[in-house]
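Working notes for the structure below.
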Amino acid sequence: LIASQTTMGVYRLALGALAALAAAAAPAEGWNDRIKWLRLKEAEQQARKEKKPMMVLIHQNWCGACKALKPQFVGSKDIEKLSNHFLMVNAGNDQEPMEGRFRPEGLKGGYYPRIIFLSPQGQRIEGVVGPNPEYKAFYNSASTVVDAMKTALQKSGVDLNAEERKRVAAEKAKADAAQAKHQSTVPTMLQEIFNRIDSDHDKVLTRDEFAVMITKMGGKAPDEKQYRGMCTSYGVPAGLTFEKMSEVYMQRGPDEIRNVYDKVVGKSEL
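In this note's numbering, the protein residues as written are 1344 to 1613.
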């Protein structure tokens, strides 16, 4: 009996939580099911806790302008993406709020659709205006909605480029780490290569020693004149040195030195 009562208690708690979630969530009513819609009351409570602005969509089923905007709204990936920065409120039909803050123009502000942007404290964000300044909250295209969402976020202090900068910085850090690892392996790999081809161990390649490397790689070795010209172009007229080749391979991609190593020495695990 005790176990049964405990189980029933758990069920009641679970059902209560589901009921609370259902009350907070709002149906999309055709305005994009992938957006997390809320009712106004719940959105205002969350906004204060999460310090997120709200975007309130006010519409009516019979409204021709609403019907025209709806497919554009639903099809806009930008609106869907930007919605993650807001608490989105679907205030259509009988859910339309009647407070003055939802009618920017007063009594004549009863047009549809209206989109109102609110601060986390529930105040209307000033300076967010649709394409017609006489009807500040009216939007007739997805692009005008996107522009308004960006403006509202900017006025709310939300940096939309922060995530992109973070991504770019992470990619750069990854590339820098890969390059640093590559540069750290070049001297070791090049020393193994020199051990195979630098017959007099002076760390300066003669034309014949260089030709051994090129031949192992399957290429055509340069003649003496060609080799001297190449060395001169690198600033080492007496012959390619270990230091110069290290410098060159450090600036190139890791595949190049690895290919030379694999052909001259054997497969590398570095």
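Where a beta carbon is used, it is the ideal one built from N, C-alpha and C, also for glycine.
- Taking C-beta separations shorter than 6 Å and ignoring five residues to either side along the sequence, the partners of S1426 in its chain run I1378, following chain order.
- The C-alpha of D1519 lies about 38 Å from the C-alpha of D1566.
- For A1554, the CB contacts under 7 Å within the same chain, skipping 5 residues up- and downstream, are A1564 in chain order.
- Between the alpha carbons of Y1577 and A1491 lies a distance of about 57 Å.
- Scanning its chain for C-beta atoms nearer than 6 Å, with the 5 sequence neighbours on each side dropped, one finds no residue around E1469.
- Of the candidates S1419, L1496 and G1465, the residue whose Cα lies closest to the Cα of H1428 is L1496.
- Taking all protein chains shown into account, N1375 has 16 or more neighbouring C-beta atoms within 10 Å of its C-beta and is therefore buried.
- Between G1435 and the set R1467, K1568 and M1398, the nearest pair of CA atoms involves M1398.
- In the structure shown, I1459 falls within a strand segment according to DSSP collapsed to helix, strand and coil.
- Within the region 1392-1429, the complete alpha helix (DSSP H) runs of at least 4 residues fall at 1407-1418 and 1420-1425.
- Fewer than three Cβ pairs drawn from the region 1404-1414 and the region 1469-1479 lie within less than 8 Å of each other, which leaves the two stretches out of contact.
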